[in-house]
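Written below as structure tokens is the structure these notes are about.
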Amino acid sequence: MKILVINAGSSSLKYQLIDMDNKSVMAKGLCERIGIEGSNLQHTCVLKGLDKKKIEKPMKDHGDAIQMVIDALVDPEIGVISSMDEIGAVGHRVVHGAEEFTDSTIITEAVMKALDKCTPLAPLHNPPNIIGINACKKIMPDTPMVGVFDTAFHQTMPAKAFMYALPYEIYEEDRIRKYGFHGTSHKYVSQQAVKFLGKDAKDLKIITCHLGNGSSISAVDGGRCVDTSMGFTPLDGVPMGTRTGSMDPAVMTFLMNKGMTAAEIDNLVNKKSGVAGVSGVSSDFRDLTAAADDGNERARLALDMFMYQVKKYIGAYAAAMGGVDAVVFTAGVGENDAVTRKGIVSGLEFMGIKIDDAKNETRGTIDISAEDATVKTLVIPTDEEMMIAIDTERLVSE
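Structure, rendered in structure tokens:
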């Protein structure tokens, strides 16, 4: 079966066509500036080994973008299929499924209505996701569609982990609670870790560290998420590229009393803070490391803060699960930054977490544990698109 994976943003649309028979990407690309002057499609025919091709053409909406994607996929020169009938199903990334969706689901009219109910919780992300689904349904009405939610993997958390200590009525009325994000990534790498370790998921306690410009840590016990660092929004948890991470909520009211508006504070804590705000250098960890190596103390502080907070979550989640069998690093920083990985696990030797410096310098899926470590430390590249395709195939094949 060939699965088309769609990730629709407000003015962009990323896609991959995946052959599930051999788990290979046939083609991938990006539609940019949808509804804006200068819209274009950047398409790479992976199957034929062709270089990226940029096609500039007006796209007034996501329907135009989807049509351009289909046209590229069936094009005799840069395409990989003879007709769109070869596409067995479409998997859509949806950011927020709230409590409505505890797993990926086949999209029906009832599901679309439920997605609308989730929109207030993700007003910037869910609407373009919904637009992308509707655009595909219009062009491919007979092709099964599946929604895969960033939040679904975390819906196995117990109430003691996801509830906030607010009056219970606020949860009942507004569903304010921890939801967690990056769930598709945490699900994928935790499953890959189980395969790598060659054990049954029910016998493993795994801590997954999705570290990048956005970062989150999850505790996965027996294959089920039991806690995660992001909360009601992706702002919670460890410091990130431009997000504060967890902090005393009274800071917000203090700043408001000084005259800042809610919109200004929202912009401050989401887009001007994190390691970029502390360092004054960049949100890119490569830039921070270079600056720290050159003696920039604020850059060093930003890195130290990040590593310290990730270390704390690892310790906390080991305590919450009553042990840990493996720690997994993934995403841009987690997969590629050996210095940050070493800084995070340094000092955790008492827990049995210890890495081999030489192994830590390599890339790809690898066990970087020292020989005498009792807890495995793994680096596993994430593949959210593949996870979406796997869930889509599973559901449409049932």
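Numbering of the sequence shown is given in the numbering used here, commencing with residue -16 and proceeding in unit increments. The beta-carbon is built from N, C-alpha and C at its ideal position, and this holds for glycine as well.
Rounded to the nearest angstrom, the Cβ distance from T85 to A135 is 6 Å, consistent with a contact under 8 Å.
Taking 8 Å as the cut-off, the Cβ atoms of N109 and V77 count as close. A314 places its beta carbon 8 Å or farther from that of H137.
For the 8 Å CB-CB criterion, C28 and I61 form a contact. Rounded to the nearest whole angstrom, the CA to CA distance from K37 to D231 is 47 Å. Look at V293 here: in three-state DSSP terms it is helix. Between the C-alpha atoms of I297 and I190 there is a straight-line separation of about 7 Å. Exposed is the label assigned to P106, since fewer than 16 other Cβ atoms lie within 10 Å of its Cβ. In the structure shown, M334 adopts helical secondary structure according to DSSP, grouped into three states. For C14, DSSP records a beta bridge to L(-4), L24. It is roughly 26 Å from the alpha-carbon of S65 to the alpha-carbon of K43. Assignment of D157 by DSSP, reduced to helix, strand and coil, places it in the helix class. Collapsing the DSSP output to three states places F164 in coil. One thing to note: G206 has its Cβ within 8 Å of the Cβ of A184. When only Cα atoms are considered, V129 and L251 end up about 35 Å apart. In this structure, the alpha-carbon of L30 lies about 15 Å from that of I(-14). Boundaries of the beta strand (DSSP E) harbouring M128: 128 to 132, taken from the DSSP string.
The beta carbon of I349 sits closer than 8 Å to the beta carbons of K342, L361, V362 from its chain, once the five residues preceding and following it are set aside; these are given in chain order. Runs of the beta strand (DSSP E) spanning 3 or more residues and lying entirely within the stretch 54 to 121 occur at 70 to 77, in chain order. For N250, the enclosing alpha helix (DSSP H) has its first and last residue at 245 to 254.
If you look at K342, you'll find it isn't in any beta strand (DSSP E); it sits in the alpha helix (DSSP H) that goes 340 to 343.
Shown here, I327 sits in a helix according to DSSP, grouped into three states.
Between the stretch 299 to 309 and the stretch 268 to 276 there are fewer than three C-beta pairs closer than 8 Å, too few to call the two in contact. Note that the stretch 322 to 337 does not touch the stretch 93 to 101; fewer than 3 beta-carbon pairs, one per stretch, sit closer than 8 Å. With a 10 Å radius around the Cβ and a threshold of 16 neighbouring Cβ atoms, Y171 comes out buried.
A distance below 6 Å between beta-carbons, with the five flanking residues on each side excluded, links P364 to the following residues of its chain, in chain order: E318. Secondary structure at D374: helix, using DSSP grouped into helix, strand and coil. Remark: fewer than three beta-carbon pairs, one from each stretch, lie closer than 8 Å, so the stretch 277 to 288 and the stretch 154 to 164 are not flagged as touching. In the three-state scheme derived from DSSP, where H, G and I count as helix and E and B as strand, T313 is classed as strand.
Beta-bridge partners of E39 (DSSP): N23. The three-state secondary structure of S7, taken from DSSP, is strand. Short of 7 Å from the beta carbon of P41, and not among the five residues preceding or following it, lie these beta carbons of its own chain, in chain order: S22. Under the DSSP assignment, R269 falls in the alpha helix (DSSP H) whose first and last residues are 268 to 276. The beta carbon of L0 lies closer than 8 Å to those of K(-15), I(-14), L(-13), V(-12), V8, M9, A10, K11, L56, V63, I64, I70 in the same chain, with the five residues before and after it left out. When L24, D68, P59 are compared, the shortest CA-CA separation from V52 is found for L24. The C-alpha of D287 is placed about 15 Å away from the C-alpha of D277.
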